[in-house]
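Student: Structure in structure tokens, see below.
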Amino acid sequence: MSYKKAPTNQSKLSRIIQYAPDIKTFYFIDGKHRSSEYEKFVRELTLITISGKNLHDDAPDACAMLVDFITGGIKTVTVAKRPF
């Protein structure tokens, strides 16, 4: 069985750019109280560039998807039985 990646309605970078002002209002743990994993997350979040490729863009994308979820961007899907 082959698997295909589901298409997204919006590219990662455009979603990150769209929600960047909202992400900037988030509160993050201060440097003294961060775990190493959290520190890597924050570093990845703050080092994204708009021009060029980003090897590590999962942190800003996760924050953008969180904003999308909080603001009601997630839609529900209902399954219907075929009439024929």
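Here the sequence shown stands for residues 1382 to 1465, numbered as in this note's numbering. For every residue, glycine included, the Cβ atom is placed at its ideal position computed from N, Cα and C. All of these numbers come straight from a predicted model, not from anything done at the bench.
Rounded to whole angstroms, what is the Cα-Cα separation between G1473 and D1439?
Tutor: The chain is shown from 1382 up to 1465; residue 1473 falls before or after that span and cannot be answered.
Student: Alpha carbon to alpha carbon, what distance is there between S1417 and A1401?
Tutor: 24 angstroms
Student: Could you have a look at V1460 and say whether DSSP puts it in helix, strand or coil?
Tutor: coil
Student: With 16 other CB atoms within 10 Å as the buried threshold, where does I1397 fall?
Tutor: buried
Student: Could you tell me the boundaries of the alpha helix (DSSP H) in which I1451 lies?
Tutor: D1439 to I1451
Student: Among H1414, V1460, F1465 and P1441, which has the Cα closest to the Cα of F1407?
Tutor: P1441
Student: So C1444 packs on I1404, CB below 8 angstroms; how close in whole Å?
Tutor: 5 angstroms
Student: Please classify L1426 as buried or exposed, where buried requires at least 16 other C-beta atoms within 10 Å of its C-beta.
Tutor: Classification of L1426: buried, given that the 10 Å Cβ count is 16 or more.
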